[in-house]
Amino acid sequence: MTEMGILFRLCLLTLWCVQSNSLGIYKLEKDELLTNGDMESDRWSSDYQWWPLHAKVSQIQGFKGKAAAITDKRSKWGLLGQWLKGDRALQPGNYYMEAYVKLLNHPEVIGYDWFRMDMMFNYLDKDGKKVYPKIARYPRLRDTDGWVKIAGEFVVPSNTTKQRVYFSSPSSQYVNFAIDEVSLRRITPEEDWEAAANEMIDEHRKGDVNVNVKINYNMDPSFVHFKIRQLRHDFKLGAFVRWQLINGSWFSDEVRQRYQDYFYDTFNSGTPMSAFRWRVTEYHQDEPWWLGGDRAAYALNERGVNVLGQSVFWNDKGFWPNWFTALSSDEKVEKMEKRAKDLVGRYKGKVNQWLVSRESISKRGDFEKYTEDYDILTKMFNWTSAADSSADLVLSDRFAIQQPDYASAMVNQIKTLKAAGYSPQLDAQGTFLETNAVDPIRIAARFDILAQAGVPIMLSQFQVQRKDVVERANDIEKFLRVAFAQPNVDSIFFRGFWDSSLTTPDTSLVDSEDFDINQAGWTVNRLFKKEWRTDGYLTLPEKHMREQTSGFRAFYGDYEMDVIVDGNVVETREFSVKKGSTTEINVEINEPEKTDIIKRSAGVFKDTVQQFEAVYGLN
Numbered sequence: 003m004t005e006m007g008i009l010f011r012l013c014l015l016t017l018w019c020v021q022s023n024s025l026g027i028y029k030l031e032k033d034e035l036l037t038n039g040d041m042e043s044d045r046w047s048s049d050y051q052w053w054p055l056h057a058k059v060s061q062i063q064g065f066k067g068k069a070a071a072i073t074d075k076r077s078k079w080g081l082l083g084q085w086l087k088g089d090r091a092l093q094p095g096n097y098y099m100e101a102y103v104k105l106l107n108h109p110e111v112i113g114y115d116w117f118r119m120d121m122m123f124n125y126l127d128k129d130g131k132k133v134y135p136k137i138a139r140y141p142r143l144r145d146t147d148g149w150v151k152i153a154g155e156f157v158v159p160s161n162t163t164k165q166r167v168y169f170s171s172p173s174s175q176y177v178n179f180a181i182d183e184v185s186l187r188r189i190t191p192e193e194d195w196e197a198a199a200n201e202m203i204d205e206h207r208k209g210d211v212n213v214n215v216k217i218n219y220n221m222d223p224s225f226v227h228f229k230i231r232q233l234r235h236d237f238k239l240g241a242f243v244r245w246q247l248i249n250g251s252w253f254s255d256e257v258r259q260r261y262q263d264y265f266y267d268t269f270n271s272g273t274p275m276s277a278f279r280w281r282v283t284e285y286h287q288d289e290p291w292w293l294g295g296d297r298a299a300y301a302l303n304e305r306g307v308n309v310l311g312q313s314v315f316w317n318d319k320g321f322w323p324n325w326f327t328a329l330s331s332d333e334k335v336e337k338m339e340k341r342a343k344d345l346v347g348r349y350k351g352k353v354n355q356w357l358v359s360r361e362s363i364s365k366r367g368d369f370e371k372y373t374e375d376y377d378i379l380t381k382m383f384n385w386t387s388a389a390d391s392s393a394d395l396v397l398s399d400r401f402a403i404q405q406p407d408y409a410s411a412m413v414n415q416i417k418t419l420k421a422a423g424y425s426p427q428l429d430a431q432g433t434f435l436e437t438n439a440v441d442p443i444r445i446a447a448r449f450d451i452l453a454q455a456g457v458p459i460m461l462s463q464f465q466v467q468r469k470d471v472v473e474r475a476n477d478i479e480k481f482l483r484v485a486f487a488q489p490n491v492d493s494i495f496f497r498g499f500w501d502s503s504l505t506t507p508d509t510s511l512v513d514s515e516d517f518d519i520n521q522a523g524w525t526v527n528r529l530f531k532k533e534w535r536t537d538g539y540l541t542l543p544e545k546h547m548r549e550q551t552s553g554f555r556a557f558y559g560d561y562e563m564d565v566i567v568d569g570n571v572v573e574t575r576e577f578s579v580k581k582g583s584t585t586e587i588n589v590e591i592n593e594p595e596k597t598d599i600i601k602r603s604a605g606v607f608k609d610t611v612q613q614f615e616a617v618y619g620l621n
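Numbering (the numbering used here), first residue to last: 3 to 621.
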């Protein structure tokens, strides 16, 4: 883009924001598609009403007013459902459904410390085959959790019949549950979702900047302008780094230098890959190994890079040190507290964010099971916070954004931590393998569910696996644009970038030991170094006013601004654009000293003479 084009774009940014009236990438229609969603009617029938299967249904006090209670299940598949048929059948498209659910008892069932709760869609496809897509799921729920919100998005394909939505708790036939405040509405995508996302980005990722100018001598304001340069972005764009490459001895000196150059030129945040894992740092009990973490943290700190540590705990025994599994329940809790104190305490002030626990939703809940402590997650946060109260604490799960069904369970777990006095961030990881589609509308709807937690959202392991690098680039751009449009998303970490150091093939941004940037890498550069960056020239809007204001909108971050008068830089200012406030910059233009005028005139005369001599061949 030419400088004139940049100037034109910069001066129009405010107008674009004012004209924007988009509500988002999609619209949630107002019409309710279910009958008796509030459960205030006690008419239970399979004809356009809620009805039970293999169970009894009755009214009880609900989350709001009355609720439907499912009891006396004759099998674990006892459910409450509603048929959608005739003119109430769902048309092909996107839908959003939510409800409040509650377990009414906690039966003593061997092997079950908690029970599953599902919100499902069921239909016959064009070949007459039964299909059961999950709308949302609570993998682990207890009666002590009370009423919890369950929500999800789903897609209705073409040529479906015998549609039904239903709720079930298939862990045991002895589990009773209640349902209330059910809502099912259609999602209508914007015709141009990308344009809608861009409007959201302009609204949520930029702040207002006013340059207030006072000219203190007789000069035409058209001779004053400003050059704006963005130095740093507030949005955290990061990547996994191998400590052996960022500050080690892998490969040759030249390859390590290229690795480091690409990382520091592209990202402002980093997370050492595997260096903080418990199985790595304490493979043998009470014999800590800190070399990888120390070297990575030192290198990243030296360059002023935001550091994410992952993870303090992994709620899956497959990733525990072997010696840990043999301990008693009480010994496990003691070692977990020591683990947090040793790891987080060692890197206090050096690691900015900690993933406190991974896979606390989608996996089995091994820490809860093997410590016999159902409050262990809160204790993990307590130990981590005690070791470094300045670090941001994060709860992470791999399925929160990749799949449609775990988002609301993640939100509920975040709210539980908030109620306990913590301010956690939510990590949805963001791994999209070859079989995982990147659908902008569905991704946006999942982000909106996660945003109900009211906390910052992170993607700590973003990767898109596509063998075709152009397809990879396109899907990366789709996801990044949707994520950047969601105001709660504040950081994205790629799960690596160089093809020779990745654990998942076909996810790279750069290839070969020459670090050739591929189409996926160029896409990231274009978005964060051009499209989502504010650089350019700013002029004054009024021709004759010596006191006036020129305003523009800029992406949140740190800036330099050259004050240019009659072609000369007379001053350079630094400023920051922050969320929630308008940046005011006051500039006074004073008359230059006469010696400055003479020097400048002499310089102009000399340049003119040199140009004249060059044209006529006199030099």
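Ideal Cβ positions, reconstructed from N, Cα and C, are used throughout, including at glycine. Here the structure is a predicted model, which is why all the values come from computation and not from measurement.
Do three or more CB pairs link the segment 154-161 to the segment 180-187 at distances below 8 Å? no
With a Cβ-Cβ cutoff of 8 Å, do I566 and N214 count as a contact?
Within the sequence shown, numbered from 1, the residue matching residue 566 stands at position 564. Within the sequence shown, numbered from 1, the residue matching residue 214 stands at position 212. Going by C-beta atoms, I566 is not nearer than 8 Å to N214.
| task | Apply the 10 Å Cβ neighbour rule to E42 and answer buried if 16 or more other Cβ atoms are within range, or exposed otherwise. | result | To locate residue 42, count along the sequence shown from 1; it is residue 40. Exposed, because fewer than 16 other Cβ atoms sit within 10 Å of the Cβ of E42.
Practice item. Provide the residue(s) that pair with E473 in DSSP beta bridges, ordered along the chain. Key: Within the sequence shown, numbered from 1, the residue matching residue 473 stands at position 471. Looking at the DSSP output, E473 sits in no beta bridge, so it has no partner there.
DSSP three-state label for P94, please. The residue labelled residue 94 in the question sits at position 92 within the sequence shown. Here P94 sits in coil by DSSP.
query = Which one or two residues does DSSP pair with K58 in a beta bridge?
reply = Counting from 1 along the sequence shown, the entry for residue 58 is found at position 56. T73.
Locate the alpha helix (DSSP H) running through H206, then write down its first and last residues. On the sequence shown, residue 206 is found 204 positions in, with the first residue counted as 1. That run of the alpha helix (DSSP H) goes 195-206.
Self-check item: Range covered by the alpha helix (DSSP H) that runs through E304
Solution: Position 302 of the sequence shown, counted from the first residue, corresponds to residue 304. Looking at the DSSP string, the run of the alpha helix (DSSP H) that includes E304 is 293-304.
field: Cβ neighbour criterion (16 or more within 10 Å) applied to P223
entry: Taking the first residue of the sequence shown as 1, we reach residue 223 at position 221. By the 10 Å Cβ count, P223 comes out buried.
Notebook entry, point to check: From this set, Y424, L36, W149, which residue's C-alpha is nearest L397's C-alpha?
Noted result: By one-based count along the sequence shown, residue 397 stands at place 395. Comparing Cα positions, the closest option is Y424.
Q. Which residue or residues does DSSP assign as beta-bridge partners of K87?
A. Mapped onto the sequence shown, residue 87 falls at position 85. According to DSSP, K87 bridges with nothing at all.
| Ordered along the chain, which non-local residues of its own chain (more than five positions away) have a Cβ less than 7 Å from that of L82? | Taking the sequence shown and counting its residues from 1, the one referred to as residue 82 is at position 80. The beta carbon of L82 sits closer than 7 Å to those of W52, P54, V59, A70, I72, Y168, F169, I181, all from its chain and outside the five residues before and after it, given in chain order.
* **First through last residue of the alpha helix (DSSP H) which encompasses D450** => Counting from 1 along the sequence shown, the entry for residue 450 is found at position 448. Taken as a continuous stretch (DSSP letters only), the alpha helix (DSSP H) holding D450 covers 442-453.
Notebook entry, point to check: Looking at the structure shown, is N178 part of a helix, part of a strand, or coil, going by DSSP?
Noted result: In the sequence shown, the residue the question calls residue 178 occupies position 176. Coil.
Which of the three DSSP states, helix, strand or coil, is assigned to T505? Residue mapping note: residue 505 aligns to position 503 of the sequence shown, counting from 1. Shown here, T505 sits in coil according to DSSP, grouped into three states, outside any helix or strand.
task: Can you tell me the Cβ-Cβ gap for L310 and G240, rounded? I've got them flagged as a contact below 8 Å.
output: Stepping through the sequence shown from its first residue, residue 310 is reached at position 308. Stepping through the sequence shown from its first residue, residue 240 is reached at position 238. That pair is a contact at about 7 Å.
Delimiting residues of the beta strand (DSSP E) encompassing E549 = Working through the sequence shown from its first residue, we reach residue 549 at position 547. Run containing E549: 549-557, per the beta strand (DSSP E) assignment.
Buried or exposed: which applies to M275, given that a residue is buried once 16 or more other Cβ atoms fall within 10 Å of its Cβ?
For the purposes of this step, residue 275 is taken as the residue at position 273 of the sequence shown. It is buried - the Cβ of M275 has at least 16 other Cβ atoms within 10 Å.
State the start and end residues of the unbroken alpha helix (DSSP H) segment that holds S387.
Taking the first residue of the sequence shown as 1, we reach residue 387 at position 385. DSSP places S387 in the uninterrupted alpha helix (DSSP H) bounded by 378-389.
**OP:** Confirm, please, whether the CB-CB distance from F315 to V346 is below 8 Å.
**Re:** Translated into positions along the sequence shown, residue 346 becomes position 344. Translated into positions along the sequence shown, residue 315 becomes position 313. Cβ atoms of V346 and F315: not closer than 8 Å.
Practice prompt. Locate the alpha helix (DSSP H) running through T283, then write down its first and last residues.
Written response: Translated into positions along the sequence shown, residue 283 becomes position 281. Run containing T283: 280-283, per the alpha helix (DSSP H) assignment.
Spell out a yes or no on whether the segment 96-104 and the segment 138-155 are touching, meaning 3 or more CB-CB pairs, one atom from each, closer than 8 Å.
yes
- Message: Out of D147, A199, K469, V579, which one is the CA nearest neighbour of T418?
- Response: Taking the sequence shown and counting its residues from 1, one reaches residue 418 at position 416. Closest by alpha carbon: D147.
Exercise for the section: Measuring alpha carbon to alpha carbon, tell me which of F495, E34, Y558 ends up nearest I459. Expected result: Looking up residue 459 in the sequence shown gives position 457. Considering only alpha carbons, the answer is F495.
| query | The beta strand (DSSP E) spanning I152 covers which residue range? | reply | As a first step, residue 152 must be located in the sequence shown, where it is residue number 150. Start and end: 150-158.
### Message
Checking the sheet assignment: what are the DSSP bridge partners for M99?
### Response
Your numbering for residue 99 matches position 97 in the sequence shown. Among the bridge pairs identified by DSSP, M99 is matched with G154, L186.
Per DSSP, the bridge partner or partners of H1
In the structure as shown, the chain starts at 3 and stops at 621, and residue 1 therefore has no counterpart that could be examined.
Item to check | Spatial distance of V353 from T525 (CA atoms) | outcome: On the sequence shown, position 351 is the one that residue 353 refers to. On the sequence shown, position 523 is the one that residue 525 refers to. So the alpha carbons of these two residues sit roughly 29 Å apart.
**Q.** Pick from D375, R279, Y376, G306 that is closest to D341, judged by C-alpha positions
**A.** Residue 341 sits at position 339 when you count from the first residue of the sequence shown. The displayed chain sequence assigns Arg, not Asp, to residue 341. Looking at the Cα atoms, R279 is the closest of the given residues.
- [ ] Give the range of the beta strand (DSSP E) segment to which L428 is assigned.
- [x] Counted from its first residue, the sequence shown places residue 428 at position 426. L428 -> beta strand (DSSP E) spans 427-429.
Next item on the list: Please list, in chain order, all residues of the same chain as G498 whose beta carbon is under 6 Å from its beta carbon, the five residues on each side excluded.
Entry: By 1-based counting over the sequence shown, the position of residue 498 is 496. If we look at G498 and ignore the five residues flanking it on each side, its Cβ neighbours are F242, L504.
Inset, instruction - Taking only the alpha-carbon atoms, compute the straight-line gap between S578 and D560 and give it to the nearest angstrom. - result: Stepping through the sequence shown from its first residue, residue 578 is reached at position 576. Stepping through the sequence shown from its first residue, residue 560 is reached at position 558. In a straight line, the C-alpha of S578 is about 4 Å away from that of D560.
Starting from I137, follow the beta strand (DSSP E) in both directions and report where the run begins and ends. The count along the sequence shown starts at 1 and reaches residue 137 at position 135. 136-143 is the span of the beta strand (DSSP E), which, as asked, contains I137.
> Straight-line CA distance for H235 to G582?
Replying inline: The count along the sequence shown starts at 1 and reaches residue 235 at position 233. The count along the sequence shown starts at 1 and reaches residue 582 at position 580. Approximately 16 Å between the Cα atoms of the pair.
Mapping the DSSP letters down to three states, classify I599 as helix, strand or coil.
Counting from 1 along the sequence shown, the entry for residue 599 is found at position 597. Note that I599 scores a pLDDT of 45, beneath 50, so its modelled location is shaky; the value from the coordinates is reported in the next line. Collapsing the DSSP output to three states places I599 in a helix.
Q: Starting from the C-beta of T327, find all residues in its chain whose C-beta is less than 8 Å away, skip the five residues before and the five after it, and write them out in chain order.
A: Counted from its first residue, the sequence shown places residue 327 at position 325. Short of 8 Å from the beta carbon of T327, and not among the five residues preceding or following it, lie these beta carbons of its own chain, in chain order: K319, Y372.
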